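Engineer:
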RNA sequence: GGGGACGUGGUGCAGUUGGUUAGCAUGCCGGUCUGUCACACCGGUGGCCGCGAGUUCGAGUCUCGUCGUCCCCGCCA
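In this note's numbering, the protein residues as written are 12 to 599.
This is the structure we're talking about:
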C-alpha cells in the first residue's frame with residue numbers, strides 16, 4: 012500500500028475520497044465498539060476510525076498499539092458536527108478505515124512520544140530517533156532546514172559560491188584545543204579537525220573566488236555548555252574587495268531575509284551598533300542584552316570631595332564610581348537579597364556593593380545614608396529616578412568595576428526580571444586586537460591572528476603598547492547571545508608578520524605554522540573580510556530554546572558523549588597498533 | 001580543573017528524625033463501554049531505591065568513593 016496523502020493535509024474538501032495514509036499510531040481510543048486511532052507522520056495527525064461493522068478489520072485494529080508503523084486505506088468523511096475539532100488542522104475529518112497494513116509493530120517506547128516534556132533529557136538523547144518523532148522536536152529540525160535553505164537562497168542570489176573545505180586539516184596553535192586525528196600512513200603525525208575554515212576561506216580569496224560561503228561544521232575540544240557543543244555549524248562567509256561596512260550590510264540583509272522567511276518576524280535593518288568600548292562602559296559586557304536598559308553611569312561628580320573616605324580615597328587612587336539603576340526592583344530587593352548580591356560583587360573582585368533605594372512612596376534609603384545623605388540627595392535631584400527603583404553601585408578600577416557591574420546586571424536579568432520580548436540585534440565593533448593571557452603570561456589574539464588591526468592604532472602602539480590596538484572586528488549579538496563574529500582580514504604579508512611577532516611567534520615558527528598563508532600573500536592577495544554566524548545559536552533563538560541541543564538532530568551531552576551511539580568508545584588493539592598508538596593507564 | 005543540583009517500577013515524581021508490607025501519577029495487561037480526542041470506569045502487573053564500600057541491631061534515608069545527566073565558573077564560539 013503506497014500513500015496517497017500525508018497526515019497533515021486532508022480537510023473536508025477531500026470528503027468522499029478514497030485515500031491511503033502511512034504513519035505511526037500516536038494514540039488509540041477504544042470505546043468498546045468504535046475505535047479511534049490517531050495517525051502521525053511528519054506533516055501532522057489524522058484520525059482514523061475503525062467501525063465494528065467491519066468485524067475482521069476491527070478485530071485487526073484492536074491489536075494496534077502506539078508507535079506501530081502502519082498504512083491505512085479508507086474514505087475521508089466529515090466528522091459529526093459535535094465531534095469536529097476546529098483547533099486541529101485535520102480536525103474536521105476522519106478516515107473510515109477499509110484496510111489496514113502493519114509495516115512494523117512496536118514495543119512500548121521508553122520515552123513518551125505523544126506527551127511533551129514527560130521524559131528526562133538523557134533518555135530522550137539515548138532514544139533520539141524516537142524523540143525526533145515528537146512534533147516539537149521535529150519542528151525545530153525542520154525550522155533549521157528552512158533557515159539554512161533561506162541562507163543558501165539569499166547567498167546564491169547574491170552571487171556567492173558554496174565551496175567545501177577539508178575536515179582533515181592542520182593543527183594550528185591559536186584559539187581552542189584541536190580535535191586530533193592520527194594518521195595511519197604517516198605514523199606519529201596528526202590531522203586536526205577545523206575549528207573553522209578560516210585559513211581556507213582566506214586562501215579562496217587569494218584564488219579569486221570573491222564571494223564564498225559554506226554551511227560548515229566546526230570542531231573545538233573544549234568544555235561544553237548549553238550553548239556549546241564539540242561540533243557546531245557556522246554559516247561561513249568571506250568576500251573580497253570589501254570593508255567592514257560591506258560585510259555588516261550583507262549580514263544584515265542575510266539575517267533579515269532568513270529570519271523573515273523562517274519565522275515571519277519582521278527584522279528592521281540596519282541593526283544598532285556599539286563599539287566594544289561603549290558596550291563595556293554602558294553594560295559591562297561585550298554581548299549585552301540591551302532590551303533591559305540598566306545602563307551604567309559615572310557617579311563620580313556627586314562624590315567629589317566627599318567626606319566618606321571609602322569613596323573619596325578610591326577617587327584619589329584614580330578609581331571610578333559607577334552604578335546602574337533598576338526600575339521596579341526597590342521593593343523586591345530585601346536586605347537578604349542585597350547581601351547576596353554584595354557577596355557576588357566580592358567574588359567578582361569588588362570591595363563591596365553600595366545601594367540606593369527610591370521606594371514606592373518616594374522615601375530614599377541607602378547603605379551609605381549615614382555618610383553621604385547630601386551626595387545622594389544631589390544625585391537624585393540631577394538624575395530622574397522613578398519610584399520603586401534600585402541603584403547598585405561600587406568603586407574600583409575601570410575594567411574590574413564595569414565588568415562586575417555587568418555581571419550583576421546579567422544576574423538581575425536572569426533572576427529578577429520577566430524575560431523581554433522581541434529580538435534585539437546589536438553589532439559590537441572595534442574589539443581590542445590583543446589581550447593578555449594571565450595563565451600563559453603572554454599576549455594572545457582576541458579574535459584570531461588574521462584580523463586586520465586598526466592601522467592608525469597599529470602604527471602608534473605596535474611596539475609600545477599593543478593592548479591598545481583596536482581590531483577591525485565585529486560581533487553580532489542577539490538578546491545577549493553572541494551569534495556571529497567576523498573581521499576584516501590581513502592581506503599583507505608585512506602586517507601579518509608583525510602581528511605574529513607581537514603574539515610571540517618568531518619568523519621560523521610562523522613559517523612552520525602558517526607558512527602557506529604567508530606564502531599565499533606573496534602572490535597578489537586581495538583585501539578581504541568575512542563573518543561567520545553560528546547556526547545552532549541562531550536556531551535556538553528562533554525556536555525559543557535555551558540549549559542548542561534542541562536544534563541539533565543528534566547532539567552530545569555535557570561530557571561530550573553521544574548517548575545513542577555510545578561515542579566516544581574504546582577501539583581495538585589492532586586499530587591502535589595500526590596507528591602506532593598506546594593507551595597509557597590513567598592510574599598506574 | 002572547580003562549584004552546585006539530580007539519580008527510587010517502563011516513564012515522571014513523593015518518601016518525615018535511620019525503623020516493619022517503598023507511595024502517587026502515567027504507561028503496560030485484562031475487563032465494561034459505538035463519537036472519543038490526555039476518552040471514562042473497574043481490576044491487575046511492575047522496584048536489589050545508579051554502582052561499590054562503610055557507620056548501625058537496622059540504610060532509599062547518614063558517610064566516603066565511583067559512574068551518569070543537567071546548570072554554572074575557568075576554558076571556549
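The C-beta atom is built at its ideal place from N, Cα and C for all residues, glycine as well.
It should be emphasised that the depicted structure is a prediction, and the values quoted were computed from it without experimental measurement.
Can you list, in chain order, the stretches of the beta strand (DSSP E) that have 3 or more residues and sit fully within the region 546-595?
Structural biologist: Complete beta strand (DSSP E) runs here, min 3: none at all.
Engineer: Would you identify the three-state DSSP class for residue 384, choosing helix, strand or coil?
Structural biologist: Stepping through the first chain from its first residue, residue 384 is reached at position 373. Of the three classes helix, strand and coil, the one that applies to residue 384 here is helix, per DSSP.
Engineer: Name the DSSP bridge partner or partners of residue 495?
Structural biologist: As a position in the first chain, residue 495 is number 484, starting the count at 1. Note: residue 495 sits in a beta bridge opposite 487, 544.
Engineer: List, from N- to C-terminal side, the beta strand (DSSP E) runs of 3 residues or more that fit wholly inside the region 72-117.
Structural biologist: The qualifying runs are 80-89, 104-115.
Engineer: With a CB to CB cut of under 6 Å and the five nearest residues on each side skipped, what residues in its chain are close to residue 409?
Structural biologist: Looking up residue 409 in the first chain gives position 398. Hits under 6 Å: 331.
Engineer: In terms of residue numbering, what span does the alpha helix (DSSP H) encompassing residue 324 cover?
Structural biologist: Mapped onto the first chain, residue 324 falls at position 313. Note, residue 324: alpha helix (DSSP H), 320-327.
Engineer: Could you check the C-alpha separation between residue 537 and residue 461 for me, to the nearest Å?
Structural biologist: Position 526 of the first chain, counting from 1, holds the residue named residue 537. Position 450 of the first chain, counting from 1, holds the residue named residue 461. Using only the alpha carbons, I get a separation of about 14 Å.
Engineer: I'd like to confirm the pairing. Which residues does DSSP put opposite residue 46 in its beta bridges?
Structural biologist: If you number the first chain from 1, residue 46 lands on position 35. Answer is 41, 61.
Engineer: Mind checking whether residue 113 and residue 83 have CB atoms under 7 Å apart?
Structural biologist: Mapped onto the first chain, residue 113 falls at position 102. Mapped onto the first chain, residue 83 falls at position 72. Result no, Cβ atoms of residue 113 and residue 83 do not sit closer than 7 Å.
Engineer: Under the three-state reduction of DSSP, which class applies to residue 14: helix, strand or coil?
Structural biologist: Along the first chain, one-based indexing puts residue 14 at 3. Coil.
Engineer: Using DSSP with H/G/I as helix, E/B as strand and the rest coil, what is residue 253?
Structural biologist: Looking up residue 253 in the first chain gives position 242. Residue 253: coil per DSSP, three-state reduction.
Engineer: With a threshold of 7 Å on Cβ separation, who are the neighbours of residue 102 within its own chain once the five nearest residues in sequence on each side are excluded?
Structural biologist: Counting from one through the first chain, the residue named residue 102 turns up at place 91. The residues are 95, 96.
Engineer: Of all the alpha helix (DSSP H) runs that stay within the bounds of the region 439-479, which reach a length of 4 or more residues?
Structural biologist: Entirely contained in the region 439-479, the alpha helix (DSSP H) runs reaching 4 residues are, in chain order, 466-472.
Engineer: Do residue 204 and residue 230 have their CB atoms nearer than 7 Å?
Structural biologist: Position 193 of the first chain, counting from 1, holds the residue named residue 204. Position 219 of the first chain, counting from 1, holds the residue named residue 230. Cβ distance < 7 Å, so residue 204 and residue 230 count as in contact.
Engineer: Quick one: residues in its chain with C-beta nearer than 8 Å to the C-beta of residue 594, no 5 flanking neighbours on either side, listed in chain order?
Structural biologist: By 1-based counting over the first chain, the position of residue 594 is 583. Counting only Cβ-Cβ distances below 8 Å, and skipping sequence neighbours, we find 587.
Engineer: Taking all protein chains shown into account, do 16 or more other C-beta atoms lie within 10 angstroms of the C-beta of residue 598, making it buried, or fewer, making it exposed?
Structural biologist: Residue 598 sits at position 587 when you count from the first residue of the first chain. Residue confidence is low: residue 598 scores 44 on pLDDT, short of 50, so the model does not pin down where it sits. Its coordinate-derived value is still stated next. Exposed.
Engineer: What are the boundary residues of the alpha helix (DSSP H) that residue 305 is part of?
Structural biologist: Counting from one through the first chain, the residue named residue 305 turns up at place 294. It is not in any alpha helix (DSSP H) - residue 305 carries neither H nor E in the DSSP assignment.
Engineer: Buried or exposed for residue 168, please, with buried defined as at least 16 other CB atoms from any protein chain shown within 10 angstroms of its CB.
Structural biologist: Locating residue 168 in the first chain gives position 157, where the first residue counts as 1. Result: exposed.
Engineer: Would you kindly work out how many angstroms separate the C-alpha atoms of residue 13 and residue 32, rounded to a whole number?
Structural biologist: Mapped onto the first chain, residue 13 falls at position 2. Mapped onto the first chain, residue 32 falls at position 21. Going from the Cα of residue 13 to the Cα of residue 32 covers about 8 Å.
Engineer: Please specify which runs of the alpha helix (DSSP H), each continuous and at least 4 residues long, are wholly inside the region 350-419, giving them in chain order.
Structural biologist: Within the region 350-419, the complete alpha helix (DSSP H) runs of at least 4 residues are 380-393.
Engineer: Would residue 151 and residue 557 be called neighbours here (beta carbons separated by less than 7 Å)?
Structural biologist: If you number the first chain from 1, residue 151 lands on position 140. If you number the first chain from 1, residue 557 lands on position 546. No, the Cβ-Cβ distance between residue 151 and residue 557 is not below 7 Å.
Engineer: To the nearest angstrom, how far is it from the Cα of residue 492 to the Cα of residue 227?
Structural biologist: Here residue 492 is taken as the residue at index 481 of the first chain, counted from 1. Here residue 227 is taken as the residue at index 216 of the first chain, counted from 1. Cα-Cα distance, rounded: 20 Å.
Engineer: Nearest to residue 476 by alpha carbon, out of 459, 504, 514?
Structural biologist: In the first chain, counting from the first residue as 1, residue 476 sits at position 465. Nearest C-alpha to residue 476: 514.
Engineer: Assess contact between the region 386-404 and the region 368-377, defined as three or more Cβ pairs (one per stretch) separated by less than 8 Å. Is contact present?
Structural biologist: Enough Cβ pairs lie closer than 8 Å, so yes.
Engineer: Within the same chain, show all residues whose beta-carbon is closer than 7 Å to that of residue 420, passing over the 5 residues directly before and after it, in chain order.
Structural biologist: Position 409 of the first chain holds residue 420. Only 294, 295, 305, 335 meet the Cβ criterion.
Engineer: Mind checking residue 153: buried by the 16 CB within 10 Å criterion, or exposed?
Structural biologist: Within the first chain, numbered from 1, the residue matching residue 153 stands at position 142. Its Cβ having fewer than 16 others within 10 Å, residue 153 is exposed.
Engineer: Within 10 Å of its beta-carbon, does residue 602 have 16 or more other beta-carbons around it, so buried, or fewer, so exposed?
Structural biologist: Past the edges of the chain, shown from 12 to 599, lies residue 602, and the structure says nothing about it.
Engineer: Using 8 Å for Cβ pairs, my map puts residue 302 next to residue 550. What's the rounded Cβ distance?
Structural biologist: Here residue 302 corresponds to residue number 291 of the first chain, with the count starting at 1. Here residue 550 corresponds to residue number 539 of the first chain, with the count starting at 1. Contact flag wrong, Cβ pair sits at about 20 Å.
Engineer: State the DSSP-derived secondary structure class of residue 344, mapped to helix, strand or coil.
Structural biologist: Residue mapping note: residue 344 aligns to position 333 of the first chain, counting from 1. Coil.
Engineer: Taking residue 160 as the reference, give the member of 534, 271, 289, 312 with the closest Cα.
Structural biologist: On the first chain, position 149 is the one that residue 160 refers to. The candidate whose alpha carbon is nearest that of residue 160 is 271.
Engineer: Could you tell me which residues DSSP pairs with residue 34 in its beta bridges?
Structural biologist: Walking along the first chain from the start, residue 34 turns up at place 23. Answer is 81.
Engineer: Suppose you measure from the CA of residue 570 to the CA of residue 414; what does that come to, to the nearest Å?
Structural biologist: By 1-based counting over the first chain, the position of residue 570 is 559. By 1-based counting over the first chain, the position of residue 414 is 403. Using only the alpha carbons, I get a separation of about 29 Å.
Engineer: Tell me the DSSP secondary structure of residue 162 in three-state form.
Structural biologist: In the first chain, residue 162 corresponds to position 151, counting from 1. Residue 162: helix per DSSP, three-state reduction.
Engineer: By how many angstroms is the C-alpha of residue 505 removed from the C-alpha of residue 388?
Structural biologist: The sequence position of residue 388 within the first chain is 377, counting from 1. The sequence position of residue 505 within the first chain is 494, counting from 1. Roughly 58 Å separates the two Cα atoms.
Engineer: Hey, out of 470, 428, 189, whose CA is closest to residue 234's CA?
Structural biologist: Indexing the first chain from 1 puts residue 234 at position 223. Selected option, being the one with the closest Cα: 189.
Engineer: Can you tell me whether residue 24 is helix, strand or coil according to DSSP?
Structural biologist: For the purposes of this step, residue 24 is taken as residue 13 along the first chain, with counting starting at 1. Helix, per DSSP.
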